[in-house]
Amino acid sequence: MVRIAFHILIVLILTLLTQIGGIAWVISRFFKRHLLAFVAAYMTLSLASIWIAPHFGRVALSCTKEGPLEVQRWMYCALNRNYVSPEMYDVLTSTAEEMERRHPGTVTVVLDANFPFLDGFPLLPHLSHDDGEKADLAFYYADETGYLKGATRSPIGYFAFEQGPTECSKTWPTLRWDFDALQPLWHGYGIDEDRNRSVLEVLVEDDRVGKVFVEPHLVDRLGVAHPKIRFQGCRAARHDDHIHFQL
-12 MVRIAFHILI
-2 VLILTLLTQI
8 GGIAWVISRF
18 FKRHLLAFVA
28 AYMTLSLASI
38 WIAPHFGRVA
48 LSCTKEGPLE
58 VQRWMYCALN
68 RNYVSPEMYD
78 VLTSTAEEME
88 RRHPGTVTVV
98 LDANFPFLDG
108 FPLLPHLSHD
118 DGEKADLAFY
128 YADETGYLKG
138 ATRSPIGYFA
148 FEQGPTECSK
158 TWPTLRWDFD
168 ALQPLWHGYG
178 IDEDRNRSVL
188 EVLVEDDRVG
198 KVFVEPHLVD
208 RLGVAHPKIR
218 FQGCRAARHD
228 DHIHFQL
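What the sequence shown shows, in my numbering, is residues -12 to 234, in sequence order.
Written out as structure tokens, the structure reads:
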């Protein structure tokens, strides 16, 4: 009974983390070398998803292509978190191309997007990345030498917060985690205000974009107030470490 419960737990965790990992784990149980079989099954299912997902209304953002639009780390691709709807794919591509036109040499970096299958399937810890029509963009960063192409302050692009005033009080339950102990560990880059202002302008000018989430203190700092730019609320994750937008 304990062994069965253990495998059910593993399947649940892998499914929540990767969507298809639980299936790979079940397949691996039919082979003697479980770990090797799991890796092989997972890789096969992940590669197959690239071709199958379009039949379910999702396409994969390239994990290897270099250009004005790039996925931040291989981890997002390995966990199958790099899928979007065809329309979102076009919006991301055109946004990155416009940013490169306005600021030559600019790379727009995508963080979490969506899983390859099933509307309504949660992409934890996000509350809304469940239909292929949401994506997170990393901030553009700079140091004393200028713009840092493709750089992020933290290894995964999240949780390196730009500190500023907030009206949110401590509450529970909440996904508004401050991670104060981690902040000194990140790179000391500053945000590139020109590029971050530009990308917000590009997004709100696109009729296909419905909402953009950024913390109010950054909206004030960048001077980009617009009806589409909203505050996500005090129970959702902070949005002064990345830009969330949706169709």
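Don't be surprised by glycine CBs; every beta carbon is placed ideally from N, CA and C.
Here the structure is a predicted model, which means the values were calculated and not measured.
DSSP state of residue i mapped onto helix, strand, coil
| i | result |
| --- | --- |
| Gly8 | helix |
| Glu57 | strand |
| Ala212 | coil |
| Arg(-10) | helix |
| Asn183 | helix |
| Ala147 | coil |
| Phe200 | strand |
| Thr153 | coil |
| Leu(-4) | helix |
| Leu135 | strand |
| Thr95 | strand |
| Tyr176 | coil |
| Ala122 | strand |
Nearest residue (CA-CA) to residue i, options the options
| i | options | result |
| --- | --- | --- |
| Ile7 | Val26, Ser49, His42 and Pro152 | Val26 |
| Asn235 | Glu154, Gln233 and Ala83 | As displayed, the chain neither begins before -12 nor continues past 234, which places residue 235 out of reach and without an answer. |
| His42 | Leu23, Asp106 and Thr153 | Asp106 |
| Ala65 | Leu22, Lys157 and Thr5 | Thr5 |
| Val46 | Ser185, Pro73, Phe17 and Trp12 | Pro73 |
| Leu172 | Trp164, Phe148, Leu162 and Leu209 | Phe148 |
| Thr132 | Leu1, Asp179 and Leu124 | Asp179 |
| Gly51 | Ala11, Val(-11), Ile39 and Val96 | It should be noted that the sequence gives Thr, not Gly, for residue 51. The shortest C-alpha separation from Thr51 is found at Val96. |
| Leu124 | Leu110, Arg68 and Asp99 | Asp99 |
| Gly197 | Ile216, Ala212 and Phe102 | Ile216 |
| Gly220 | Val199, Gly210 and Arg68 | Val199 |
| Ile(-9) | Ala11, Arg163, Arg16 and Thr2 | Arg16 |
| Ala28 | Lys157, Ile14 and Phe102 | Ile14 |
| Gly177 | Tyr134, Glu87 and His213 | Tyr134 |
| Val(-2) | Val94, Ile10 and Val(-11) | Ile10 |
| Tyr70 | His116, Gly54 and Thr93 | His116 |
| Val206 | Ser185, Gly44, Ser36 and Trp12 | Ser185 |
| Tyr127 | Pro112, Cys155 and Glu87 | Glu87 |
| Lys136 | Pro55, His213, Trp61 and Pro103 | Pro55 |
Element boundaries [beta strand (DSSP E), containing residue i]
| i | result |
| --- | --- |
| His229 | His229 to Gln233 |
For residue i, the first and last residue of its enclosing alpha helix (DSSP H)
| i | result |
| --- | --- |
| Tyr127 | Tyr127 -> no alpha helix (DSSP H), and no H or E assigned at all. |
| Glu241 | The chain is shown only over -12 to 234; residue 241 falls outside these bounds and no answer can be derived. |
| Phe25 | His21 to Ile39 |
Anticipated Cβ contact below 8 Å, residue i with residue j, distance rounded
| i | j | result |
| --- | --- | --- |
| Gly151 | Glu202 | 7 Å |
| Arg208 | Arg163 | With a Cβ gap of about 19 Å, Arg208 and Arg163 do not count as contacting. |
| Val78 | Leu234 | 7 Å |
Proximity test, residue i beta-carbon vs the ligand GTP heavy atom, cut-off 8 Å
| i | result |
| --- | --- |
| Arg217 | The ligand GTP is not part of the structure shown, which contains no ligands of any sort. |
Inter-stretch contact (C-beta, 8 Å, three-pair minimum) for the region 136 to 148 and the region 224 to 231: yes
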